[in-house]
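Colleague: Chains as they are written, first to last, in our numbering: chain B, 1 to 327; chain F, 328 to 618; chain G, 619 to 935. All residues carry an ideal CB built from backbone N, CA and C; glycine is no exception. Model, not experiment: these values are computed from the prediction. Would you mind keeping the following structure in view while I ask a few things?
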Amino acid sequence: MSEKNQTFLEVKDLTVIYTANKKIVQAVNHVSFSLKKGETLGLVGETGAGKTTIARSILRILPDPPAKMLGGEITMDGVKISALSEEEMRKIRGGKISMIFQDPMTALNPLICVGDQISEGLMLHSDISRDEARKKAGEMLEMVGIPASRYVEYPFEFSGGMKQRVVIAMALACNPDLLLADEPTTALDVTIQAQVLDLIADLQKKLHTSMILITHDLGVVAQTCDNVATVYAGEIIEYGTKKDLFLNPCHPYTVGLFDSLPSMVGDEERLKPIAGLMPDPTDLPQGCKFNPRCPYATEKCRSGEVPNFEVSDGHFCRCWKYAKEAI
Amino acid sequence: MTVAAKPQKIRKSSYTRDLLERLFSTWNARIGTFIIVVIALACIFADVVAPYGYNDMDFANMYSTPSAQHIMGTDNLGRDIFSRLLYGGRYSLSLGLISTIIGNLISIFLGVLAGYYGGKVETLIMRFMDVYSALPGQLLCILVSTAFGAGFQNTVLALSIQHLPGGARMTRAQILKERSMEYLEAAESINCKKMTIMFRHLFPNVYSPLLVGATMEIGSNIMMAATLSYIGLGVQPPTPEWGAMLAEARAFILVYPHMIIWPGVFIALTVFSLNLLGDALRDALDPKLRK
Amino acid sequence: MEPLIEVKNLKKYFKVPAGINHAVDDVSFTINAGETVGVVGESGCGKSTLGRTIIHLQEATDGQVLFHGKNVTHVEGNDLKQLREKMQIIFQDPYSSLNPRFRVERTIYEPLKNSGRFKSKEAIRQEGQRLMDLVGIDERLRSSFPHELDGGRRQRVGIARALALNPEFIVCDEPVSALDVSIQAQVLNLLMDLQDQMGMAYMFVTHDLSVVRHISDNICVMYLGQLVEKAPTRELFRQALHPYTKALFSAIPSTDITKPFQRVQLKSELTSAINPKPGCRFAPRCPYATEACAQPQKLEEIAPNHFVSCCRVKEVN
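What follows is the structure, encoded as structure tokens:
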């Protein structure tokens, strides 16, 4: 076990492509980040930005073909998981790393009672008897606020929020070191979302799990994350602590995201949307991927890779605007 | 990958062209289409292609096995089997095709009504179909043919009503899947007529699996037509329908098997190629594979 | 001034296997010409059904809908046709609300054709092109199929279709909830601009409070088929009175990280509106519920134009 404050998960130079109709989609481009024990990293971005692909490549569940991991190194707890065999990976999946999917309806098998779905995972990953696994599964249900007496009920007997709790119980049953939560509350109503977010935060504190939270909802990030990374067209374009990003957003895209939200305080006549659309992933623009939509774009932005500039300690931004601060 | 700037293409996409492209990229579709087209063309132009008339009797060469003169041999009356098969194909193929079209028109109409309106209309149609399907389709065919007498038209009638319950049920199921789509409500809100919504908005979105079913149904109708002829209820001799030819040949099955093999081969080839085509069509129409 | 639309005690019940679903139960409110009324609530609260019942996509079980003071609850035939031209709808899902087999142009031309207002094909084409210019659909996309467009553009097509008949009233059924934030802002701006230009009234159905705050003049909050609170937007955001509205407001994750989160935690989850008991439907989850809440509740005017349906509103606040 690594000490606190030590890097727990490190993703270096992750690059993933999809091939569709003989066209190449650059889903993830040289993405690097790290995560400390017990910390939460939020990946924010719009549909198709590549957030889910990043999470799936950590878990190595990308559909291959069409997806292909071209490069990158993923190290967790000193183990290079990107180099493990499929056999070894299977032990880690659902054990040390587990994932919560967006749609609780499809993540549960409708024909198996919820308790057994949890205990099965337990038996697969730890060497315990069926009875013990059942007992533990009951405890997990209690932990997420479902009476253990509902162990024998089937998914259709639960409401949406309850199902998502079951999914969370399933994901946390094996005490994972890393939890990948892909839009865990998007399908839920706000009052239920509030319950589920609180639940995840509580459990995370209790079990000291690290988490990567994928969402498009900046409010959810504000509430749960320690660090935030903005993803745009397969790249992390801004990375920093929650304070850095929310109080001093730097990249024009991050700023644009905040501006397009209707505010809950103050008055504004018109919203300020980001001009244009997400670029065609098969035909990304040269230079900064955001340059066609960026109000500040200059000649420099239209060619060559934009390096990562450190705006302040630990706050990185891929934008030439911050070039002088870096030097 | 080169990230060269692409010129903005204004491509007018065409659903049909896209579909055909995908369809004929598979060998199943190519082979199926090839066989069926060759057979159909040969039958349509039988006057040109066939070496003999279908009723030309060559008494010098009765029961002859395949030879240069008669490539598939002759039958008990010295008629050239190959020529008879080509002329007979006109009946067999058109029986299959016409009865499938008529049957599907009726069953689709009923199925769309039942699926779209629901409620009493649905209950009425579907319960009727339930009663209807209590009679096995083949038995029904035989019943109709016996009741109305043999002949081309009555065979068409018998064959087309055979698949009604299945077709109506399948159409209804497809409609129900699509029924909750909001574009139907939208069509209603912009004052489209019910018939327009049903047959111009809704139906084009559900026809694909029905088309696959219909393609395969042609094959099974050809077989059923042959069956009817075989038991003497279909097209009557001397009209050379494939099933009728089988029936005539059955007396000689042990002595002159070629008489029964060739019609069998033609039926099998046709049904096989239609099934291949249907399969390929199913894949090509799969919306998940659409670009 | 006479309101454009007056909804009086509207009810819409559905028969379901478990009993009768009171999807919309005794809802009354008014919409004035050119204004926007937001209807907020969680999934299953009947807000979409309410909108669809008002514009006659569904038949009301009981109650009345008045349009320009005329009772139009059960119109049929030609009257219905005319009424529908005045009342349109924009749907939530830009994927299922456009016919996948119709090109963009055909989708827009269709209502124009049905209206019978245009004499020639050329007139229809011109009007259609004008509409597409209005909502910002690029010329090169006009003969595309919906699956070739992104969500924001599809939603523009849906908006153009609704505008085609020159409606006075449009139900916007969560028109932006399926879109990404940056696109959402574009569509919201478009909707507001169109309202400024053409002066139609919106009923804006949504679960997103920040959106509804931005676009609405008045807000109705629904819970399980019933109206629990209605007030002008400013008033409601200044002081929400119903316990459910309070909980709803507090549950929205704010992007303001300088303030600590204070949430009213609700017990359990949304029950259903199937065979409801009389009395407050929120009571089982309400932190302030008492026995009095088992009695039927009445919408009362607590402050000017601020209506709340809660017997304990005075004690709670």
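Using the rule of at least 16 other Cβ atoms within 10 Å of the residue's Cβ for burial, across every protein chain shown, is histidine 251 (chain B) buried or exposed?
Modeller: If you number the first sequence from 1, residue 251 (chain B) lands on position 251. It counts as buried.
Colleague: Is there a C-beta anywhere in chain G that falls below 8 Å from the one on histidine 251 (chain B)?
Modeller: As a working note, residue 251 (chain B) is residue 251 in the first sequence. It does not; no Cβ of chain G falls within 8 Å.
Colleague: Please state the DSSP three-state secondary structure of serine 535 (chain F).
Modeller: Taking the second sequence and counting its residues from 1, the one referred to as residue 535 (chain F) is at position 208. Three-state result, serine 535 (chain F): helix.
Colleague: What three-state label does DSSP hand serine 646 (chain G) in the structure shown?
Modeller: As a first step, residue 646 (chain G) must be located in the third sequence, where it is residue number 28. Strand.
Colleague: I'd like to know whether the C-beta atoms of valine 722 (chain G) and serine 762 (chain G) end up nearer to each other than 8 Å.
Modeller: On the third sequence, position 104 is the one that residue 722 (chain G) refers to. On the third sequence, position 144 is the one that residue 762 (chain G) refers to. Yes.
Colleague: Can you give me the start and stop residues for the beta strand (DSSP E) that leucine 698 (chain G) sits inside?
Modeller: As a first step, residue 698 (chain G) is located in the third sequence; it is residue number 80 there, counting from the start. Segment 695-704 is the alpha helix (DSSP H) holding leucine 698 (chain G); no beta strand (DSSP E) there.
Colleague: When DSSP builds the beta bridges, which residues end up paired with valine 655 (chain G)?
Modeller: One-based indexing of the third sequence puts residue 655 (chain G) at position 37. Answer is G:Met821, G:Asn836, bridged to valine 655 (chain G).
Colleague: With respect to the alpha helix (DSSP H) encompassing isoleucine 112 (chain B), which residues constitute its N-terminal and C-terminal limits?
Modeller: For the purposes of this step, residue 112 (chain B) is taken as residue 112 along the first sequence, with counting starting at 1. Careful: isoleucine 112 (chain B) lies outside any alpha helix (DSSP H) and carries neither H nor E.
Colleague: Closer than 7 Å by beta-carbon distance: list the chain G residues that pair up with glutamate 509 (chain F), in chain order.
Modeller: Position 182 of the second sequence, counted from the start, is the residue given in the question as residue 509 (chain F). Neighbours of glutamate 509 (chain F) on chain G, chain order: Phe709, Asp711, Ser714, Ser715.
Colleague: For proline 677 (chain F), decide whether its Cβ has a neighbour in chain G, counting only Cβ atoms nearer than 8 Å.
Modeller: This structure does not reach residue 677 (chain F), given that chain F is present from 328 up to 618, and the question cannot be answered.
Colleague: Less than 8 Å between the C-beta atoms of glycine 415 (chain F) and glutamate 575 (chain F), yes or no?
Modeller: Locating residue 415 (chain F) in the second sequence gives position 88, where the first residue counts as 1. Locating residue 575 (chain F) in the second sequence gives position 248, where the first residue counts as 1. Contact flag unset, no.
Colleague: In the DSSP assignment, find the alpha helix (DSSP H) that holds leucine 179 (chain B) and state where it starts and stops.
Modeller: Indexing the first sequence from 1 puts residue 179 (chain B) at position 179. Leucine 179 (chain B) -> not in any alpha helix (DSSP H); beta strand (DSSP E) instead, spanning 178-182.
Colleague: Pull up the DSSP beta-bridge partners for asparagine 639 (chain G), would you.
Modeller: Along the third sequence, read from residue 1 onward, the residue named residue 639 (chain G) stands at position 21. BP columns for asparagine 639 (chain G) point to G:Phe632, G:Ile892.
Colleague: Under 8 Å by Cβ, that's how I've got alanine 288 (chain F) and isoleucine 502 (chain F) pegged, so tell me the actual separation to the nearest angstrom.
Modeller: Residue 288 (chain F) is absent from the model: chain F starts at 328 and stops at 618.
Colleague: Between valine 220 (chain B) and chain G, is any beta-carbon pair separated by less than 8 Å?
Modeller: As a working note, residue 220 (chain B) is residue 220 in the first sequence. Yes, valine 220 (chain B) counts as interfacial toward chain G.
Colleague: So is leucine 783 (chain G) in contact with chain F if we call contact Cβ pairs under 8 Å?
Modeller: The residue labelled residue 783 (chain G) in the question sits at position 165 within the third sequence. With 8 Å as the cut-off, leucine 783 (chain G) counts as an interface residue toward chain F.
Colleague: To which residues of the same chain is proline 334 (chain F) closer than 8 Å at the C-beta, ignoring the five residues directly before and after it?
Modeller: Against the second sequence, residue 334 (chain F) aligns to sequence position 7. Its pLDDT being 38, under 50, proline 334 (chain F) is placed unreliably by the model, and the measurement read from it follows with that caveat. Within the same chain, proline 334 (chain F) has no close Cβ partners at all.
Colleague: How about methionine 76 (chain B) and serine 57 (chain B): do their beta carbons lie closer than 8 Å?
Modeller: Here residue 76 (chain B) corresponds to residue number 76 of the first sequence, with the count starting at 1. Here residue 57 (chain B) corresponds to residue number 57 of the first sequence, with the count starting at 1. Not in contact: methionine 76 (chain B) and serine 57 (chain B) (Cβ atoms no closer than 8 Å).
Colleague: Of the residues that make up the segment 667-687 of chain G, which ones have a beta carbon closer than 8 Å to any beta carbon in chain F?
Modeller: Result list: Arg670, Ile673, Leu675.
Colleague: With 16 as the cutoff for other CB atoms within 10 Å, does glutamine 773 (chain G) come out buried or exposed?
Modeller: For the purposes of this step, residue 773 (chain G) is identified with residue 155 of the third sequence, where counting begins at 1. Buried: at least 16 other Cβ atoms inside 10 Å.
Colleague: Note down, in chain order, all residues in the segment 516-533 of chain F with a beta-carbon under 7 Å from any beta-carbon belonging to chain G.
Modeller: Flagged, chain order: Ser516, Ile517, Asn518, Cys519, His528, Pro531, Asn532.
Colleague: Can you confirm whether aspartate 644 (chain G), when its beta carbon is compared against all beta carbons of chain B, has any partner nearer than 8 Å?
Modeller: Taking the first residue of the third sequence as 1, we reach residue 644 (chain G) at position 26. No, aspartate 644 (chain G) lies away from the interface with chain B (no Cβ there is under 8 Å from its Cβ).
Colleague: Strictly by DSSP, which residues pair up with cysteine 1010 (chain G)?
Modeller: Residue 1010 (chain G) is absent from the model: chain G starts at 619 and stops at 935.
Colleague: Distance check for glycine 681 (chain G) and histidine 208 (chain B), CA to CA, integer angstroms please.
Modeller: For this step, residue 208 (chain B) is matched to residue 208 along the first sequence. For this step, residue 681 (chain G) is matched to residue 63 along the third sequence. Computed Cα separation, rounded: 56 Å.
Colleague: Please list, in chain order, the residues of the segment 29-48 of chain B that have any C-beta partner in chain G closer than 8 Å.
Modeller: The segment 29-48 of chain B vs chain G, Cβ under 8 Å: Glu46, Thr47.
Colleague: Taking its Cβ as the centre, do 16 or more other Cβ atoms sit within 10 Å of arginine 852 (chain G), making it buried, or is it exposed?
Modeller: As a working note, residue 852 (chain G) is residue 234 in the third sequence. Looking at its Cβ environment, which holds fewer than 16 other Cβ atoms inside 10 Å, arginine 852 (chain G) is exposed.
Colleague: Using the three-state DSSP reduction, which class does valine 458 (chain F) fall into: helix, strand or coil?
Modeller: The sequence position of residue 458 (chain F) within the second sequence is 131, counting from 1. Helix.
Colleague: By the criterion of Cβ-Cβ separation under 8 Å, what are the contact partners of aspartate 189 (chain B) in chain G?
Modeller: Here residue 189 (chain B) is taken as the residue at index 189 of the first sequence, counted from 1. Result: Glu660, Ser661, His825, Leu888.
Colleague: Aspartate 407 (chain F) bridges to which residues according to DSSP?
Modeller: The residue labelled residue 407 (chain F) in the question sits at position 80 within the second sequence. According to DSSP, which records beta bridges pairwise, aspartate 407 (chain F) is partnered with F:Thr401.
Colleague: Chain F beta carbons: is any one of them nearer than 8 Å to that of arginine 771 (chain G)?
Modeller: In the third sequence, the residue the question calls residue 771 (chain G) occupies position 153. Arginine 771 (chain G) does not count as touching chain F.
Colleague: Secondary structure at proline 906 (chain G), three-state DSSP: helix, strand or coil?
Modeller: Mapped onto the third sequence, residue 906 (chain G) falls at position 288. The amino acid at residue 906 (chain G) is misidentified as proline; the sequence shows tyrosine. If DSSP states are grouped into helix, strand and coil, tyrosine 906 (chain G) belongs with coil.
Colleague: Measure the alpha-carbon distance for alanine 474 (chain F) versus isoleucine 558 (chain F) and round it to whole angstroms.
Modeller: Stepping through the second sequence from its first residue, residue 474 (chain F) is reached at position 147. Stepping through the second sequence from its first residue, residue 558 (chain F) is reached at position 231. So the two alpha carbons sit approximately 15 Å from each other.
Colleague: Of all Cβ atoms in chain B, is any one closer than 8 Å to the Cβ of serine 834 (chain G)?
Modeller: Here residue 834 (chain G) refers to the residue found at position 216 of the third sequence. Not an interface residue.
Colleague: Under 8 Å, with one C-beta from each stretch per pair, do the segment 597-616 of chain F and the segment 363-378 of chain F reach the 3-pair mark?
Modeller: At 8 Å Cβ cutoff, the stretches touch.
Colleague: So is glutamate 3 (chain B) buried or exposed if we call it buried at 16+ other beta carbons inside 10 Å?
Modeller: Taking the first sequence and counting its residues from 1, one reaches residue 3 (chain B) at position 3. With a pLDDT of 48 at glutamate 3 (chain B), under the threshold of 50, the modelled position of that residue is not reliable, and the figure given next carries that caveat. So glutamate 3 (chain B) counts as exposed.
Colleague: Using the rule of at least 16 other Cβ atoms within 10 Å of the residue's Cβ for burial, across every protein chain shown, is methionine 619 (chain G) buried or exposed?
Modeller: Position 1 of the third sequence, counted from the first residue, corresponds to residue 619 (chain G). Methionine 619 (chain G) should be labelled exposed.
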